[in-house]
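>
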Amino acid sequence: MPDEPKSPELTMDELRARIAAAGVTIPENRLNMVRKLLGEALAPLRAVDSRTIRPLEPSVTFDAGGPHVGVRHE
Amino acid sequence: MSDAIAYTTIRELGARYRARELSPVEVTRELLARIEKLDPALHAFVTVTPDRALADARAAEEALRRGDARPLLGVPVGHKDIYLTRGIRTTGGSALFADFVPDNESTVVRRWQDAGTVLLGKLITHEFAFGLQFPGHRFPPARNPWNQEHIPGGSSSGSGAALASGLLHGATGSDTGGSIRGPAAFCGITGLKPTYGRVSRAGVMTLSWTLDHTGPMARTVEDCAYLLQAMAGHDPADPACSTRPVDDYVGALDGNVQGLRIGVPRNYFFEDADPDNVRAFEEALGTLRKLGVEVRDLTIPAFNRSRSFMLIMMSEAFAYHEGDLRRRPELYGEVLRERIMTGALVTGSEYVQAQRLRMQTCAEVAEVMKTVDVLATPTTPKPAPTFKMMYDPEIAFPRTNMPPFNLTGQPTLALPCGFSASGLPLSLQLSGRAFEEATVLRLGHAYQRATNWHTRRPPV
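Line by line, the protein sequences are chains H and D. Position 5 of the first sequence, counted from 1, bears residue number 5 in the working numbering, the numbering being contiguous throughout. Just remember that the working numbering sits 1000 ahead of the position in the second sequence, which is counted from 1.
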């Protein structure tokens, strides 16, 4: 089943909601910059249906020589 | 001191030491004087360590008299100021650590010390390897020796500026999204981001655990090979550090690149590129073809999603800095603070999905690397911007060509390949298979034997 389509743009309302949820303070005059920064970073995720990403395990214990990296050369 | 000595290669320096034409103490004194003369304008150094440097130089001189053959003996170096140095202030380029004197040191610092290097001092970094210092910051940013109105790149900015100015012969850098390769590109020097896990990060301040790399910066590929040889290898203190044996990087520089296959990803890396950068890159490909390298165009669609690396970097940076950011936010530069704070706005789900996309990128690139030996791109799409441009508070985080290889962890070299019409250095980026630093260095060395871009000097 595909994901619900996401809004490609990070709106100012969504940004404010995220700031409130995170419990951080960002000055009003910096919100545009933060929206741009986060919006650009999120854009690739919002452009794909996450369930179609090949089922490779996310790796937070990143082993450079191990199978998670994908680039293996024996 | 003549410029010829300030800019000599590590191999030549060692040969002249052993021929008794130069001594480490003499070279160290001369470089300290050069730093005193040039650095007030360049701001490459945060801390100069003359007593330590002269002690190291005397020890090297003594070792040379005993016939010690270590190739880095008496070679003057500096460390990016996120590498902990026992008894020497380590600021991270931040007011938060302005007076921090560690009682331990990073593995790489110790390894270079064991190799007989001479420590001249600590080199300015963008604040916590992430944020250019704005006017009024406790630590002024380094200037680009080619044109001081322009940034030297970051975050290993002091390393790049000092090497280009002939203030030392080797430096450490770190690279999370291009912080070795960017300063190498903008300062006209050479820098290598090794494979993730090839060089220890123990005792180096963290920006992003899964993207941080440590590596060497120098003026030539050969110098980088000597420096990498003395820093690579397993370190149990860094859980990501590989146990694979270390190759002979200097021995690999045999000049033979006949038959090597280069792939040029024609998507992503040329978007909005400056014509000067494209011209220099295409000319570099022409040189490589003449050396017998096969060059073919490719498309790697996964690279189009590289911008998601920011989700990983900012989330991990926030995780590292959260305590200090909440307790002492006033000690962070304003722009840096907001960049890191943005990491708090990334959801857990988004962080996981960004890592999953990353794994897909790794898998896609691994398939491509079965058909080519090296990927080549321009290191940056444009020459160094001015400070005036970068001080625009609306600039979020400029798009560059380097983060894709932080995502994949591949060894990636940046080396000079020309100049813009305005006289700023331009750079070629070569990326190999994981743990194949030797191939990338061999190709880069062959290119430098065929060109002289790396021998040009800035007007300092």
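C-beta atoms are modelled at their ideal positions from N, C-alpha and C, and glycine is treated no differently. Fair warning: this is a prediction, and the values are worked out from it, not measured in the lab.
(1) Which two residues bound the contiguous alpha helix (DSSP H) that contains H/I19?
(2) Measure the C-alpha to C-alpha separation of D/A1230 and D/D1297 and round it to an integer number of angstroms.
(3) Label D/R1111 either buried or exposed according to how many other C-beta atoms from any shown protein chain fall within 10 Å of its C-beta, with 16 as the threshold for buried.
(4) Indicate whether D/T1090 and D/F1097 have their beta-carbon atoms separated by less than 8 Å.
(5) What residues of chain D sit near H/P44, judged by a beta carbon separation below 7 Å?
(6) I'd like to know whether the C-beta atoms of D/Y1351 and D/I1312 end up nearer to each other than 8 Å.
(7) My parser needs the alpha helix (DSSP H) runs of 4 or more residues fully inside the region 1109-1181 of chain D; what are they?
(8) Closest to D/D1068 by C-alpha separation, out of D/R1018, D/G1423, D/F1100, would be which residue?
(9) So within the region 1189-1268 of chain D, which uninterrupted beta strand (DSSP E) runs reach at least 3 residues, ignoring any that extend past its ends?
(10) I want to verify the contact list: residues of chain H whose CB lies under 7 Å from the CB of D/T1342, in sequence order.
(11) Given this structure, state the Cα-to-Cα distance separating D/E1437 from H/E28, to the nearest angstrom.
(12) Which one of D/R1326, D/C1362, D/P1378, D/E1316 has the shortest CA to CA distance from D/G1348?
(13) Mind checking if H/R18 is an interface residue toward chain D, Cβ cutoff 8 Å exclusive?
(14) So is H/R54 in contact with chain D if we call contact Cβ pairs under 8 Å?
(15) In this structure, does DSSP put H/V60 in helix, strand or coil?
(16) Can you tell me the Cα-Cα spacing of D/P1404 and D/E1062, whole angstroms?
(17) Following a CB-centred definition, is D/D1235 positioned closer than 7 Å to any heavy atom of the ligand ATP?
(18) Is it the case that the region 1333-1349 of chain D contacts the region 14-31 of chain H, given that we only count it when at least three CB pairs across the two stretches are under 8 Å?
(19) Checking the sheet assignment: what are the DSSP bridge partners for D/F1045?
(20) Does D/T1299 come out as helix, strand or coil in the three-state DSSP assignment?
(21) Could you please give the first and the last residue of the uninterrupted beta strand (DSSP E) stretch that includes D/L1413?
(22) Quick check on the burial criterion: 16 or more other C-beta atoms within 10 angstroms. Buried or exposed for D/K988?
(23) Given that a residue counts as buried once 16 or more other Cβ atoms are within 10 Å of its Cβ, and exposed if not, what is D/G1154?
(24) Does any residue of chain D bring its CB to less than 8 Å from the CB of H/R51?
(25) Under the three-state reduction of DSSP, which class applies to D/G1432: helix, strand or coil?
(26) D/H1445: which of D/T1190, D/P1236, D/L1120 sits nearest, CA to CA?
(27) Can you tell me the Cβ-Cβ gap for D/R1034 and D/G1166, rounded? I've got them flagged as a contact below 8 Å.
(28) Take D/V1368 and list the residues in its own chain whose beta-carbon comes closer than 7 Å to its own, dropping the five residues that flank it on each side.
(29) Can the beta-carbon of D/R1143 be found less than 8 Å from the beta-carbon of D/L1032?
(30) Label D/F1100 either buried or exposed according to how many other C-beta atoms from any shown protein chain fall within 10 Å of its C-beta, with 16 as the threshold for buried.
(31) According to DSSP, is D/K1080 helix, strand or coil?
(32) Would you say D/T1176 and D/L1132 are within 8 Å of each other, going by their C-beta atoms?
(33) For the structure I just gave you, are there three or more beta carbon pairs, one from the region 1379-1397 of chain D and one from the region 1274-1289 of chain D, closer than 8 Å?
(34) Residues in its own chain within less than 8 Å of H/M1 by CB, not counting five upstream and five downstream?
(35) How far does the alpha helix (DSSP H) with D/P1378 in it reach, from first residue to last?
(36) What's the C-alpha gap between D/L1357 and D/R1020?
The relevant details are as follows:
(1) What you label residue 19 of chain H is simply residue 19 of the first sequence in a count that begins at 1. Where H/I19 is concerned, the enclosing alpha helix (DSSP H) stretches over 12-22.
(2) What you label residue 1230 of chain D is simply residue 230 of the second sequence in a count that begins at 1. What you label residue 1297 of chain D is simply residue 297 of the second sequence in a count that begins at 1. Computed Cα separation, rounded: 35 Å.
(3) Taking the first residue of the second sequence as position 1, residue 1111 of chain D is located at position 111. Burial call: buried.
(4) Sequence index remark: in the second sequence, residue 1090 of chain D carries index 90 (1-based). Sequence index remark: in the second sequence, residue 1097 of chain D carries index 97 (1-based). Going by C-beta atoms, D/T1090 is nearer than 8 Å to D/F1097.
(5) On the first sequence, residue 44 of chain H is found 44 positions in, with the first residue counted as 1. Neighbours of H/P44 on chain D, chain order: R1305, R1307, S1308, L1357.
(6) Residue mapping note: residue 1351 of chain D aligns to position 351 of the second sequence, counting from 1. Residue mapping note: residue 1312 of chain D aligns to position 312 of the second sequence, counting from 1. Against a cut-off of 8 Å, the Cβ pair of D/I1312 and D/Y1351 comes out as a contact.
(7) 1157-1164
(8) Residue mapping note: residue 1068 of chain D aligns to position 68 of the second sequence, counting from 1. Looking at the Cα atoms, D/R1018 is the closest of the given residues.
(9) 1190-1193, 1213-1218, 1261-1265
(10) The count along the second sequence starts at 1 and reaches residue 1342 of chain D at position 342. Chain H residues near D/T1342: V34, L37, L38.
(11) Here residue 1437 of chain D refers to the residue found at position 437 when the second sequence is read from its first residue. Here residue 28 of chain H refers to the residue found at position 28 when the first sequence is read from its first residue. About 46 Å.
(12) By 1-based counting over the second sequence, the position of residue 1348 of chain D is 348. When only C-alpha atoms are compared, the closest one is D/E1316.
(13) The count along the first sequence starts at 1 and reaches residue 18 of chain H at position 18. Answer yes: the Cβ-Cβ gap between H/R18 and chain D drops below 8 Å somewhere.
(14) Within the first sequence, numbered from 1, the residue matching residue 54 of chain H stands at position 54. Closer than 8 Å to some Cβ of chain D, the Cβ of H/R54 qualifies, so yes.
(15) By one-based count along the first sequence, residue 60 of chain H stands at place 60. Confidence at H/V60 is low in this model, with a pLDDT of 42, below 50, so the placement of that residue should be treated as unreliable; the coordinate-derived value is given next. In the structure shown, H/V60 sits in coil (DSSP, three-state: anything other than H, G, I, E or B).
(16) Here the question's residue 1404 of chain D lines up with position 404 in the second sequence. Here the question's residue 1062 of chain D lines up with position 62 in the second sequence. Taking the straight line joining both Cα atoms gives about 45 Å.
(17) Among the components modelled here there is no ligand, and therefore nothing to report on the ligand ATP.
(18) yes
(19) Translated into positions along the second sequence, residue 1045 of chain D becomes position 45. D/L1123.
(20) Within the second sequence, numbered from 1, the residue matching residue 1299 of chain D stands at position 299. Correct three-state label for D/T1299: coil.
(21) Along the second sequence, read from residue 1 onward, the residue named residue 1413 of chain D stands at position 413. Run containing D/L1413: 1412-1419, per the beta strand (DSSP E) assignment.
(22) Absent from the model: residue 988 of chain D. The displayed extent of chain D is 1001 to 1460, so no value can be given.
(23) Position 154 of the second sequence, counting from 1, holds the residue named residue 1154 of chain D. Buried, by the Cβ-count rule.
(24) In the first sequence, the residue the question calls residue 51 of chain H occupies position 51. Judged by the 8 Å Cβ criterion, H/R51 is not in contact with chain D.
(25) Residue numbering aside, residue 1432 of chain D sits at position 432 when the second sequence is read from its first letter. Here D/G1432 sits in strand by DSSP.
(26) As a working note, residue 1445 of chain D is residue 445 in the second sequence. Selected option, being the one with the closest Cα: D/T1190.
(27) Along the second sequence, one-based indexing puts residue 1034 of chain D at 34. Along the second sequence, one-based indexing puts residue 1166 of chain D at 166. Right, the Cβ-Cβ distance comes to about 7 Å (below 8 Å), so this counts as a contact.
(28) Taking the second sequence and counting its residues from 1, one reaches residue 1368 of chain D at position 368. Hits under 7 Å: G1263, L1298, I1300.
(29) By 1-based counting over the second sequence, the position of residue 1143 of chain D is 143. By 1-based counting over the second sequence, the position of residue 1032 of chain D is 32. No; because the gap between Cβ atoms is not below 8 Å, this pair is not in contact.
(30) In the second sequence, residue 1100 of chain D corresponds to position 100, counting from 1. By the neighbour-count rule (16 or more Cβ atoms within 10 Å), D/F1100 is not buried but exposed.
(31) Here residue 1080 of chain D corresponds to residue number 80 of the second sequence, with the count starting at 1. Strand at D/K1080.
(32) Taking the second sequence and counting its residues from 1, the one referred to as residue 1176 of chain D is at position 176. Taking the second sequence and counting its residues from 1, the one referred to as residue 1132 of chain D is at position 132. Not a contact, by the Cβ cut-off of 8 Å.
(33) yes
(34) Your numbering for residue 1 of chain H matches position 1 in the first sequence. Confidence at H/M1 is low in this model, with a pLDDT of 48, below 50, so the placement of that residue should be treated as unreliable; the coordinate-derived value is given next. Only R51 meet the Cβ criterion.
(35) Position 378 of the second sequence, counted from the first residue, corresponds to residue 1378 of chain D. Element bounds for D/P1378: not the alpha helix (DSSP H) but the beta strand (DSSP E), 1374-1378.
(36) Translated into positions along the second sequence, residue 1357 of chain D becomes position 357. Translated into positions along the second sequence, residue 1020 of chain D becomes position 20. If you take the alpha carbons of D/L1357 and D/R1020, they lie about 56 Å apart.
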